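By numbering that gives the first Met the number 0, the letter at position 28 of the sequence shown is numbered 27, and the numbering carries on one by one without gaps.
Note that the Cβ used here is the ideal one computed from N, Cα and C, for glycine as well.
Please read all numbers here as calculations on a predicted model, not as lab measurements.
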Amino acid sequence: MGLSLNLDVSATSFYQSTNVVDYVMKLLNLRDTNRPLSDVDRIK
0 MGLSLNLDVS ATSFYQSTNV VDYVMKLLNL RDTNRPLSDV DRIK
């Protein structure tokens with residue numbers, strides 16, 4: 000059969016194009032980036 004290559008281009012790691020910091024803030028419902036993450040937020 001020879002050498003074959005399977006490429007899957009349908010999978011993506013993010014569902015929207017955004018900055019990582021903005022994505023995490025939205026995911027954890029954070030408003031202030033100056034304070035450290037709480038233990039509860041770190042475990043999420």
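Going by beta carbon distance, what residues of the same chain come within less than 8 Å of residue i, once the five residues before and after it are set aside?
i	result
M24	R30 and T32
So residue i and residue j are in contact, right, with Cβ under 8 Å, and what is the actual spacing, rounded?
i	j	result
D40	L27	5 Å
Considering only residues of the same chain and omitting the five flanking positions on each side of residue i, which have a CB-CB separation below 7 Å?
i	result
T17	none
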